[in-house]
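Everything in the sequence shown is counted per my numbering, starting at 342 for the first residue and increasing by one. Structure first, commentary second.
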Amino acid sequence: MNDSVPSGAAPAEPVVLARGLTKRFGKFTAVDSLDLTIARGEVVGFIGPNGAGKSTTIRLLCGLLTPSSGTARVAGFDVATQAEALRAHIGYMSQKFSLYGDLTCRENLRFFGGIYRVPGASLDERIRFVIGMAGLEGREDTLVRTLAGGWRQRLALGCAILHRPPVLFLDEPTSGVEPQARRRFWDLIHDLAAEGVTVLVSTHYMDEAEYCNRVALIDAGRLIAIGSPGQLRERELGGTLYELACTAPGEAVAVLRAAPGVLEAAIFGDRLHVLIAQGSDASSLSALLAQARLEASAPVAIAPGLEDVFVQLVMRTARERERERERQREHA
């Protein structure tokens with residue numbers, strides 16, 4: 342994304358701007374001092390484990406939850422004080438399928454057109470656009486409960502954009518959808534972004550994160566990294582990644598994590614991914630495992646994926662939290 346501004350022109354106001362955004366439920370902090378800036382037409386992915394705070398963040402930015410502290414503005418509206426006005430300018434697609442199975446595709450679209458107060462004169466045109474965009478021609482009068490998962494998700498997306506919102510929030514929209522349908526869904530997202538719609542999408546599919554302009558990694562309610570997929574792979578690992586095969590991978594991970602120069606080791610399918618500090622020698626890994634009576638292939642340097650970055654960052658922040666707890670116990 343090009344962030345440059347023409348000479349003499351004022352920078353465009355961010356479509357989403359959050360500062361210190363926090364949400365607590367009793368003693369539990371679901372979102373912890375989140376700072377976020379998103380421009381018009383960006384596709385930003387929220388990645389994190391279950392319970393990381395992705396859905397709570399989206400609900401805060403939609404005005405569905407009131408922040409405990411901090412501020413956020415979306416499409417020019419304050420999420421705490423202008424929540425009702427905000428909802429007319431966003432589209433929201435929740436994790437749980439929210440359409441009516443006993444209504445047809447067309448009937449669902451008309452229903453949501455009424456909720457979003459789409460003028461009657463333009464509603465038919467908007468319904469035709471959504472049907473075409475979602476590839477639902479010929480299925481307009483099909484009961485929604487009879488549609489396959491991929492078709493239902495496209496229809497749900499269509500219902501969320503009937504009123505042409507400038508910002509679209511998608512909470513794990515492709516969960517349980519087959520890979521081919523997921524790819525088609527992402528094509529639709531990028532079509533919308535090309536028209537200037539800002540899209541925030543949470544997902545637990547690491548391959549989907551590659552489709553985003555930027556990725557926000559969230560863990561335990563905190564934003565631990567944000568950047569393009571390429572930026573995250575380049576700057577966050579802090580070492581060189583190697584892959585090797587080994588018998589008894591669980592035992593091998595324990596041996597490798599204790600080895601000098603090893604920053605992290607993790608199991609990936611039938612292989613081990615081992616992160617080595619810059620300047621350390623990876624050739625000793627096989628010998629080290631052999632000393633533990635574990636057979637291993639020679640380590641091969643590989644290009645890291647986003648999953649490698651995510652695993653490394655989550656483990657790093659977990660260690661930092663544990664060190665912080667230890668310091669607090671020492672000073673208690």
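Just so you know, even glycine gets a beta-carbon here, dropped at the ideal spot from N, CA and C.
Quick test of the definition: if touching needs 3 or more C-beta pairs under 8 Å, does the segment 353-364 touch the segment 526-535?
no
Quick one: grab the DSSP three-state call for residue 354.
Looking at residue 354 - three-state DSSP - the assignment turns out to be coil, as it is neither helix nor strand.
Should the segment 491-511 be regarded as contacting the segment 432-442, the criterion being three or more beta carbon pairs within less than 8 Å?
yes
What's the gap between the Cα of residue 569 and the Cα of residue 553?
In this structure, the alpha-carbon of residue 569 lies about 8 Å from that of residue 553.
Assuming residue 614 and residue 623 make a contact with CB atoms under 8 Å, what is their CB distance in whole Å?
That pair is no contact at about 12 Å.
Three-state secondary structure (DSSP) at residue 578?
coil
Three-state secondary structure assigned by DSSP to residue 567
strand
Tell me residue 387's beta-bridge partners as DSSP assigns them.
543, 557
Contact check, residue 675 vs residue 492, beta carbons under 8 Å:
Outside the displayed span of the chain (342 to 673) sits residue 675, for which this structure offers no information.
If I'm right that residue 543 touches residue 396 with Cβ under 8 Å, what's the distance once you round it to whole angstroms?
7 Å
Quick one: grab the DSSP three-state call for residue 531.
helix
Give me whichever residues DSSP pairs with residue 360 in a beta bridge.
Note: residue 360 sits in a beta bridge opposite 412.
Do you know offhand how far residue 494's Cα is from residue 375's?
29 Å
Go ahead and label residue 418 buried or exposed: buried means 16 or more other beta carbons lie within 10 angstroms of its beta carbon, across all protein chains shown.
Taking every protein chain shown into account, the CB of residue 418 has 16 or more other CB atoms within 10 angstroms, so this residue is buried.
Would the segment 380-395 count as touching the segment 577-585 if we require 3 or more Cβ pairs under 8 Å?
no
CB residue 629 to CB residue 596, shorter than 8 Å?
yes
With DSSP collapsed to three states, give me the class of residue 587.
strand
Within its chain, find whatever has a CB closer than 6 Å to the CB of residue 321; leave out the 5 residues flanking it on each side and keep chain order.
Nothing about residue 321 can be reported from this structure: the residues present for the chain run from 342 to 673 only.
Pick from 644, 625, 371, 511 that is closest to residue 637, judged by C-alpha positions:
625
Assumed close pair residue 585, residue 639 - CB separation to whole angstroms, cut-off 8 Å
7 Å
Alpha-carbon spacing of residue 466 relative to residue 511, whole angstroms
24 Å
Counted within 10 angstroms of its Cβ, other Cβ atoms place residue 653 as buried (16 or more) or exposed
buried
With 16 other Cβ atoms within 10 Å as the buried cut-off, status of residue 350:
Low local confidence applies: a pLDDT of 42 at residue 350 is under 50, so the model's placement there is unreliable, and no value is given.
Give me the DSSP bridge partner(s) of residue 615.
Residue 615 pairs with 583, 606.
What runs of the beta strand (DSSP E), each 3 residues or longer, lie entirely inside the segment 480-534?
508-512
For residue 419, list the residues DSSP reports as bridge partners.
414
So, with DSSP's three-state summary, where would you put residue 673?
Residue 673 falls in the coil class under three-state DSSP.
Three-state class that DSSP yields for residue 630 in the structure shown:
helix
Could you tell me which of 611, 604, 634, 632 sits nearest to residue 621, measuring between CA atoms?
In terms of CA proximity to residue 621, 604 leads the group 611, 604, 634, 632.
Suppose you measure from the CA of residue 500 to the CA of residue 532; what does that come to, to the nearest Å?
16 Å
Starting from residue 641, follow its DSSP beta bridges and name the residues at the other end.
Under the DSSP definition of a beta bridge, residue 641 partners with 584.
Check each candidate in 667, 633, 556 and name the one with the smallest Cα separation from residue 589.
For residue 589, the closest alpha carbon among the candidates 667, 633, 556 is that of 633.
State the beta-bridge partners of residue 372 as determined by DSSP.
364
Measuring only the C-alpha atoms, how far is residue 342 from residue 516?
Reliability of the predicted coordinates at residue 342 is poor, the pLDDT of 39 falling under 50, and the value obtained from them is presented with this limitation in mind. The alpha-carbon separation between residue 342 and residue 516 amounts to approximately 28 Å.
How many Å lie between residue 446 and residue 402 at the Cα?
Straight-line spacing of the CA atoms in residue 446 and residue 402 works out to 28 Å.
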